[in-house]
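So the structure is just underneath, and the comments pick up after that.
Protein chains: 2
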Amino acid sequence: MVPKYSSSRENYVKAIFHLQEIHGTVTTNDVASEMQTRPASVTDMLKKLKAQKLLLYEKYKGFKLNTEGRKVALQIIRKHRLWEFFLVEKLRFGWDEVHEIAEELEHISSKKLIDRLDEFLGFPKTDPHGDPIPDSQGRYTISRQVDLLNLPVNQIAEVSSIGDQSVEILELLNHKHIALGTRLEVKKKFAFDNSLELKIKNQSTVTISEHVAKNVFVKYDDE
Amino acid sequence: MVPKYSSSRENYVKAIFHLQEIHGTVTTNDVASEMQTRPASVTDMLKKLKAQKLLLYEKYKGFKLNTEGRKVALQIIRKHRLWEFFLVEKLRFGWDEVHEIAEELEHISSKKLIDRLDEFLGFPKTDPHGDPIPDSQGRYTISRQVDLLNLPVNQIAEVSSIGDQSVEILELLNHKHIALGTRLEVKKKFAFDNSLELKIKNQSTVTISEHVAKNVFVKYDDE
DNA sequence: AATAAAATTTAGACAAATCTAAAAAATAAA
DNA sequence: TTTATTTTTTAGATTTGTCTAAATTTTATT
Numbered sequence: 001m002v003p004k005y006s007s008s009r010e011n012y013v014k015a016i017f018h019l020q021e022i023h024g025t026v027t028t029n030d031v032a033s034e035m036q037t038r039p040a041s042v043t044d045m046l047k048k049l050k051a052q053k054l055l056l057y058e059k060y061k062g063f064k065l066n067t068e069g070r071k072v073a074l075q076i077i078r079k080h081r082l083w084e085f086f087l088v089e090k091l092r093f094g095w096d097e098v099h100e101i102a103e104e105l106e107h108i109s110s111k112k113l114i115d116r117l118d119e120f121l122g123f124p125k126t127d128p129h130g131d132p133i134p135d136s137q138g139r140y141t142i143s144r145q146v147d148l149l150n151l152p153v154n155q156i157a158e159v160s161s162i163g164d165q166s167v168e169i170l171e172l173l174n175h176k177h178i179a180l181g182t183r184l185e186v187k188k189k190f191a192f193d194n195s196l197e198l199k200i201k202n203q204s205t206v207t208i209s210e211h212v213a214k215n216v217f218v219k220y221d222d223e
Numbered sequence: 224m225v226p227k228y229s230s231s232r233e234n235y236v237k238a239i240f241h242l243q244e245i246h247g248t249v250t251t252n253d254v255a256s257e258m259q260t261r262p263a264s265v266t267d268m269l270k271k272l273k274a275q276k277l278l279l280y281e282k283y284k285g286f287k288l289n290t291e292g293r294k295v296a297l298q299i300i301r302k303h304r305l306w307e308f309f310l311v312e313k314l315r316f317g318w319d320e321v322h323e324i325a326e327e328l329e330h331i332s333s334k335k336l337i338d339r340l341d342e343f344l345g346f347p348k349t350d351p352h353g354d355p356i357p358d359s360q361g362r363y364t365i366s367r368q369v370d371l372l373n374l375p376v377n378q379i380a381e382v383s384s385i386g387d388q389s390v391e392i393l394e395l396l397n398h399k400h401i402a403l404g405t406r407l408e409v410k411k412k413f414a415f416d417n418s419l420e421l422k423i424k425n426q427s428t429v430t431i432s433e434h435v436a437k438n439v440f441v442k443y444d445d446e
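Protein sequences, first through last, are from chains A and B.
Residues 1 to 223 (the working numbering) make up the first sequence, in order.
Residues 224 to 446 (the working numbering) make up the second sequence, in order.
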């Protein structure tokens, strides 16, 4: 009934996973600065993670998680993001205040708990920040979040957030039937003023200015 | 943002609180056997708790929590019981499987989290085992859980659990309109066969056998 | 009241996670 | 390709929580 890995070990695995997603390979200093700790402490932990067979590591060379390590990382990320979703959707927290609490909750060990929570929340695909939530097998779909200017033409996407929170832009978007969750695609880009022509799914075709496009963020599945 | 007390310290405080509720005063051996640890470890921790001013302790004498210690204990108990309630009511766990998970969740530090959870759950007064949940100030109403044979005559009480889980007893109780949460009182006790006459609140008067009475547990506010 | 038994505490050790300061290895620069 | 710089690792301490074995204090029993 004792957790397989300590909170500390889990935090290292999570940090390494995060860094190797960005840079491919990971260094001791990277981890130290990511985790606000000392390089010597990182080295100490690397040895333990290697002994536990979560890590490919030879001293003075770079390192990365092996398959088992990635599996562990994805389960922690799953827990973190499901708890964040819970805090925002059920307990009415703002998305800016949930991270710290989820840092604690992600270390609760029960697998059954997290699977039941997932079900209770309706199997959400992304957390309140738009990041994907791995399923109980660790599978997830990478969705990219970009503003409309950077959305490839003919790529179907879903509105995930609005940059500018002014009443004015919301009024404009509302008029054009664009809201959070709306599925749409860019049909044409006009180089002259960077305005866009959008096809709102199952709806009309509308035109928006560069200024608006910059403030509408969408996500779409990669590949 | 670091928790004020470690999980280990919190577990000791909780155990001491539990024991002093039962026996008034607490001994080193009591705590050791309650926590499945060694007396020497208890002594070590007592010193730390005393240094932290949670405990009245002189060596070789007994000890007990001071006001601050009791406050801390009640907040942990509050968290434990609210999480148990959540697990049973929202995530459909059985009450026999929630204790261990709540042992972990009770150490999550955010006060705001627990107050929001309390609100989300509708400010429940008791956990799934019928034990009282302290409010955010640590106040709670003691309710006693007894079987119907031991319920004083004319004492209004609420059905809190059923001992025997057979289909047969549930069918019988269902027929007599007795369910979890039903409010009732004992009007008459027949010494001949220990059968009881009950008044179901806002409903009929019914008679049940000793066998049934033994398996129906109720709770009522003390004093 | 003296002694036996039980409870409690101390002394000293250990594991986990962290740190500082110094040494070693790898990389960059002259 | 030496030398200088940066990165990484080691050596040795520290803190927290735990343990065993021995010593001490309290309580119970003749």
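A virtual CB, placed ideally from N, CA and C, is assigned to each residue, including glycine.
Treat the numbers as computed from the prediction; the structure is a model and nothing was measured.
Local conformation of residue i per DSSP, three classes
| i | result |
| --- | --- |
| A:L308 | Because chain A in this structure spans residues 1 to 223, residue 308 of chain A falls outside the shown range and cannot be described. |
| A:K176 | coil |
| A:L121 | coil |
| A:I208 | strand |
| B:K335 | helix |
| A:V98 | coil |
| A:F86 | helix |
| A:K79 | helix |
| A:P55 | The amino acid at residue 55 of chain A is misidentified as Pro; the sequence shows Leu. Residue state, collapsed to three classes: strand. |
| A:K189 | strand |
Limits of the beta strand (DSSP E) - the one that residue i falls within
| i | result |
| --- | --- |
| A:F63 | F63 to L65 |
| A:R144 | S143 to D147 |
| B:V382 | A380 to I385 |
| B:D444 | V439 to D444 |
| A:K199 | S195 to I200 |
| B:I356 | Counting along the chain, B:I356 falls outside any beta strand (DSSP E), and DSSP gives it neither H nor E. |
Option nearest residue i by Cα separation, candidates the options
| i | options | result |
| --- | --- | --- |
| B:K399 | B:P375, B:T428 and B:L419 | B:T428 |
| B:S256 | B:G404, B:Q298, B:L242 and B:K437 | B:L242 |
| A:V26 | A:K53, A:D118, A:K61 and A:M45 | A:K61 |
| B:R301 | B:R315, B:D341 and B:E281 | B:D341 |
| A:L151 | A:V88, A:T37, A:L46 and A:K187 | A:K187 |
| A:S7 | A:Y220, A:A102, A:D96 and A:D30 | A:A102 |
| B:E433 | B:L269, B:D416 and B:Q426 | B:D416 |
| A:F63 | A:Q52, A:N154, A:L198 and A:T28 | A:T28 |
| A:I169 | A:L180, A:L149, A:V212 and A:T37 | A:V212 |
| B:F240 | B:I299, B:E327 and B:S332 | B:I299 |
| B:T430 | B:L395, B:Y443 and B:D444 | B:L395 |
| A:L149 | A:V42, A:D44, A:K48 and A:L196 | A:L196 |
| A:E158 | A:D221, A:S41, A:T43 and A:E97 | A:D221 |
Where the alpha helix (DSSP H) through residue i begins and ends
| i | result |
| --- | --- |
| A:S7 | S7 to H23 |
| B:V265 | P262 to A274 |
| B:N252 | T251 to M258 |
Cβ neighbours of residue i in the same chain (closer than 6 angstroms, five flanking residues each side left out)
| i | result |
| --- | --- |
| A:G138 | K71 and L74 |
| B:F440 | Q368, D370, S383 and S384 |
| A:S136 | D115 |
| A:L46 | Y57 |
| A:L105 | W83 |
Contacting residues, own chain, Cβ-Cβ under 7 angstroms from residue i (five flanking each side not counted)
| i | result |
| --- | --- |
| A:P132 | K125, T126, Y140, T141, I142 and S143 |
| A:L54 | V13, L65, N66, E68, G69 and V72 |
| B:R304 | D350, D354 and I356 |
Distance, residue j Cα to residue i Cα
| i | j | result |
| --- | --- | --- |
| B:D370 | B:K334 | 36 angstroms |
| B:G386 | B:P357 | 26 angstroms |
| A:L184 | B:A238 | 58 angstroms |
| A:T182 | B:H330 | 40 angstroms |
| A:W95 | B:K282 | 49 angstroms |
| A:H99 | A:H129 | 10 angstroms |
| B:N234 | B:N438 | 33 angstroms |
| A:L113 | A:K199 | 42 angstroms |
| A:T37 | A:R9 | 13 angstroms |
| A:Q203 | A:S166 | 25 angstroms |
| A:F93 | B:E320 | 28 angstroms |
| B:V376 | B:E244 | 27 angstroms |
| B:K412 | B:A402 | 21 angstroms |
| B:A263 | B:V254 | 11 angstroms |
| B:F346 | B:N397 | 28 angstroms |
Neighbourhood of residue i by C-beta, 8 angstroms cutoff - its chain only, sequence neighbours within 5 removed
| i | result |
| --- | --- |
| B:Q344 | Going by the sequence as given, residue 344 of chain B is Leu instead of Gln. Only L305, F308, F309, E312 and K313 meet the Cβ criterion. |
| A:K201 | I156, T182, R183, L184 and E185 |
| A:K4 | S109 |
| B:M258 | N234, Y235, A238 and V265 |
| A:K48 | R9 |
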